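Asker: Before I ask anything, here is the structure I am working with.
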Amino acid sequence: MPLALLALAIGAFGIGTTEFVIMGLLPQVAGDFGVSIPTAGLLVTGYALGVVIGAPVMTVLGTKVPRKRMLMLLMGLFIAGNLLSAVAPAFAVMLIGRVVASLAHGAFFGIGSVVAAELVAPHKKAGAIAMMFTGLTVANVVGVPLGTLIGQHVGWRVTFGLVAALGVIGLAGVAKLVPEMPRSEGVHLRHELAAFKNAQVLLAMAMTVLGFGGVFAAITYIAPMMTHTAGFAEGSVTWLLVLFGLGMVGGNLIGGKFADRALMPMLYVSLGALALVLALFTATAHNKIAAAVTIFLIGALGFATVPPLQKRVLDQAHGAPTLASAVNIGAFNLGNALSAWLGGTVIAAGFGYTSPNWVGAALATGALVLAVLSAALERRDGARSPVVASGTPAARQTPVHH
């Protein structure tokens with residue numbers, strides 16, 4: 004794997020840290036600005052919505068910019084947003100800083116996925132994408148707990164200052180290690196938009212929303228579930244999330260490895276197992292050891308779907324993959340927002356703290372059904388076209404230079 008992937012992973016580490024670290028610092032931020040916890044929660048919601056909106060907008064704005072330069076501009080935007088959050092004199096200013104930082108999120112991962120895939124041989128593309136996303140998963144093991152600890156003991160402003168410093172390192176890495184990759188002269192915005200006419204691209208994105216939504220239906224409410232149902236102390240929640248992060252790291256790497264060998268079977272196995280484990284979590288949540296094991300498995304199975312889903316979008320939108328890739332990153336965050344809302348709804352309806360697990364199982368099952376449907380449509384279309392019937396993704400049959 005080329006060193007350029009390390010630069011992308013460092014950027015991903017910073018982005019993953021800033022996305023999730025705020026969840027552990029909400030009480031401190033709310034106290035400093037004199038706002039309620041629900042109001043401080045807008046810092047989470049605003050970031051997620053910024054990713055959903057920013058992914059296509061920033062990618063469209065960057066269609067005429069070489070990919071390396073665009074990645075550097077996005078890291079600059081990320082640094083500016085986190086610095087603004089660190090020095091914000093009022094809550095509204097910090098919210099603006101969060102949104103500014105989030106605008107870089109989707110486009111960085113979307114464009115970064117395309118760059119990562121083009122840096123390696125065709126049979127290593129999913130592994131390269133997984134290597135970049137390793138930065139995001141490691142952030143949940145190291146960056147988020149460490150950032151939370153620093154924020155609680157030294158101050159949350161220091162945390163966001165350090166995250167901005169990570170962005171500077173990521174920017175320097177991209178500038179030094181990522182090769183120049185000019186935009187293809189034959190690909191324009193209308194070509195990028197045309198990818199969304201492909202039913203397979205839309206199905207892959209829908210799988211992303213439902214599959215990853217299944218994960219966050221459970222994990223969003225992991226704190227009350229573990230303290231009220233499993234009997235863990237509040238201080239144990241941080242280490243349970245580290246366990247979840249370790250599962251994410253392992254699942255991401257395994258998903259990348261096997262997606263290069265058999266992409267759709269990998270999705271069948273990971274989504275089917277995820278649905279089963281989430282359903283079982285309603286029972287295992289009542290036992291500390293079983294709950295801890297289940298949390299690890301949810302992280303592993305959930306992130307085992309990320310490289311194959313991202314590669315699926317790249318393969319199906321092979322003529323102009325950049326916008327579709329970025330929008331698929333937004334789909335992950337849309338799934339997070341949808342599942343968090345659905346999970347909160349069933350809890351509010353009186354079904355208990357374990358009820359979001361059933362929501363997650365249903366969402367993951369829906370993603371599995373879509374995967375089976377997608378493969379069936381592909382086989383049907385393949386029967387009509389000898390070219391597609393060969394089973395080789397179009398992206399590998401026709402060289403496309405970006």
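Under the working numbering, the very last position in the sequence shown is 405; numbers go up by exactly one each time. C-beta: ideal position from N, C-alpha, C; glycine also. The structure displayed is predicted, hence computed values, not measured ones.
#1: With a cut-off of 8 Å, do at least 3 Cβ pairs link the region 281–298 to the region 223–241?
#2: Report, in whole angstroms, the separation of the C-beta atoms of G234 and K291, which I expect to be a contact under 8 Å.
#3: By the 10 Å Cβ neighbour count, where 16 or more other Cβ atoms means buried, how is K67 classified, buried or exposed?
#4: Thinking C-alpha only, which one of T42, L45, F81, L46 is nearest M61?
#5: Between V144 and V245, how many whole angstroms is the CB-CB distance? I'm expecting something under 8 Å.
#6: Does DSSP put D384 in a helix, a strand or coil?
#7: Please list, in chain order, all residues of the same chain as A95 whose beta carbon is under 8 Å from its beta carbon, the five residues on each side excluded.
#8: Count the other CB atoms within 10 Å of the CB of L154; is the residue buried (16 or more) or exposed (fewer)?
#9: Is it a yes or a no for the region 362–377 touching the region 327–346, going by three-plus beta-carbon pairs under 8 Å?
#10: Return the chain-ordered ranges of every alpha helix (DSSP H) run that is complete within the region 278–364 and spans a minimum of 4 residues.
#11: Between A327 and L312, is the Cβ-Cβ spacing less than 9 Å?
#12: Roughly how many whole angstroms lie between the Cα atoms of A202 and G113?
#13: Taking the straight line between their C-alpha atoms, what separation do you get for P182 and H289?
#14: If R72 sits next to G84, beta carbons under 8 Å apart, how far is it from one beta carbon to the other, in whole angstroms?
#15: Label P125 either buried or exposed according to how many other C-beta atoms from any shown protein chain fall within 10 Å of its C-beta, with 16 as the threshold for buried.
#16: What span of residues does the alpha helix (DSSP H) with V240 cover, start to end?
#17: Measure the alpha-carbon distance for A293 versus I132 and round it to whole angstroms.
#18: So, helix, strand or coil for M61, using DSSP?
#19: Report the three-state DSSP secondary structure of G189 (helix, strand or coil).
#20: Starting from K128 and walking both ways along the alpha helix (DSSP H), at which residues does that stretch end?
#21: Counting beta carbon pairs with one atom in the region 302–312 and one in the region 24–36, are three or more of them shorter than 8 Å?
#22: When we look at the beta-carbon of S39 and count the other beta-carbons within 10 Å, is it buried (16 or more) or exposed?
#23: Quick check: the Cα distance between A295 and V349, rounded to an integer number of angstroms?
#24: For L366 and V204, what's the separation of their Cα atoms in angstroms?
#25: Check each candidate in V123, G14, I301 and name the one with the smallest Cα separation from F136.
#26: Give every residue of the same chain whose Cβ lies closer than 7 Å to the Cβ of F335, excluding the five residues on either side of it in the sequence, and list them in chain order.
#27: Going by C-alpha to C-alpha distance, which of M267, G44, G19, R193 sits closest to G146?
#28: Between L206, Y356, A220, Q319, which has its C-alpha nearest V372's C-alpha?
#29: Does DSSP put Y224 in a helix, a strand or coil?
#30: Buried or exposed: which applies to R264, given that a residue is buried once 16 or more other Cβ atoms fall within 10 Å of its Cβ?
#31: Have a look at L152 and G238 and give me their C-alpha separation to the nearest angstrom.
#32: With distances taken between CB atoms, is the gap from G305 to M267 smaller than 9 Å?
#33: Just mark F16 as buried or exposed, buried being the case when its beta carbon has 16 or more other beta carbons within 10 Å.
#34: Leaving out the 5 sequence neighbours to the left and right, which residues in its chain are closer than 7 Å to P12 when beta-carbon positions are compared?
#35: My assumption, with CB atoms under 8 Å, is that M78 sits in contact with L174. Please give the rounded CB distance.
#36: Helix, strand or coil for S377? Go by DSSP, reduced to three states.
Answerer: Taking the structure as given:
#1: yes
#2: Under the criterion of beta carbons closer than 8 Å, G234 and K291 qualify as touching, at roughly 6 Å.
#3: exposed
#4: F81
#5: 6 Å
#6: helix
#7: none
#8: In the sequence under discussion, the amino acid at residue 154 is Gly, which differs from the Leu named in the question. Flag for G154 reads buried.
#9: Three or more Cβ pairs drawn from the region 362–377 and the region 327–346 lie within less than 8 Å of each other, which places the two stretches in contact.
#10: Taken in chain order, the whole alpha helix (DSSP H) runs of length 4 or more contained in the region 278–364 are 291–307, 309–319, 324–351.
#11: no
#12: 19 Å
#13: Whole-angstrom Cα-Cα distance: 51 Å.
#14: Not quite, the Cβ-Cβ distance comes to about 19 Å (not below 8 Å), so this is no contact.
#15: Burial state of P125 is exposed, judged by a 10 Å Cβ sphere holding fewer than 16 other Cβ atoms.
#16: 240–262
#17: 32 Å
#18: helix
#19: Annotation note: pLDDT 48 at G189 (below 50); position unreliable, coordinate value reported separately. G189: coil per DSSP, three-state reduction.
#20: 128–141 is the span of the alpha helix (DSSP H), which, as asked, contains K128.
#21: no
#22: exposed
#23: 23 Å
#24: The straight-line gap from Cα to Cα measures roughly 19 Å.
#25: Closest in alpha carbon position to F136, among V123, G14, I301, is G14.
#26: T211, F215
#27: G19
#28: The shortest Cα separation from V372 among L206, Y356, A220, Q319 belongs to L206.
#29: Annotated three-state conformation of Y224 is coil, per DSSP.
#30: Looking at its Cβ environment, which holds fewer than 16 other Cβ atoms inside 10 Å, R264 is exposed.
#31: 12 Å
#32: no
#33: The C-beta of F16 has 16 or more other C-beta atoms within 10 Å across all chains shown, which makes the residue buried.
#34: At residue 12 the sequence reads Ala, which differs from the Pro that was named. So the qualifying residues of the chain are M134, M135, T137, G138.
#35: The C-beta distance from M78 to L174 rounds to 4 Å, short enough to fall under 8 Å.
#36: helix
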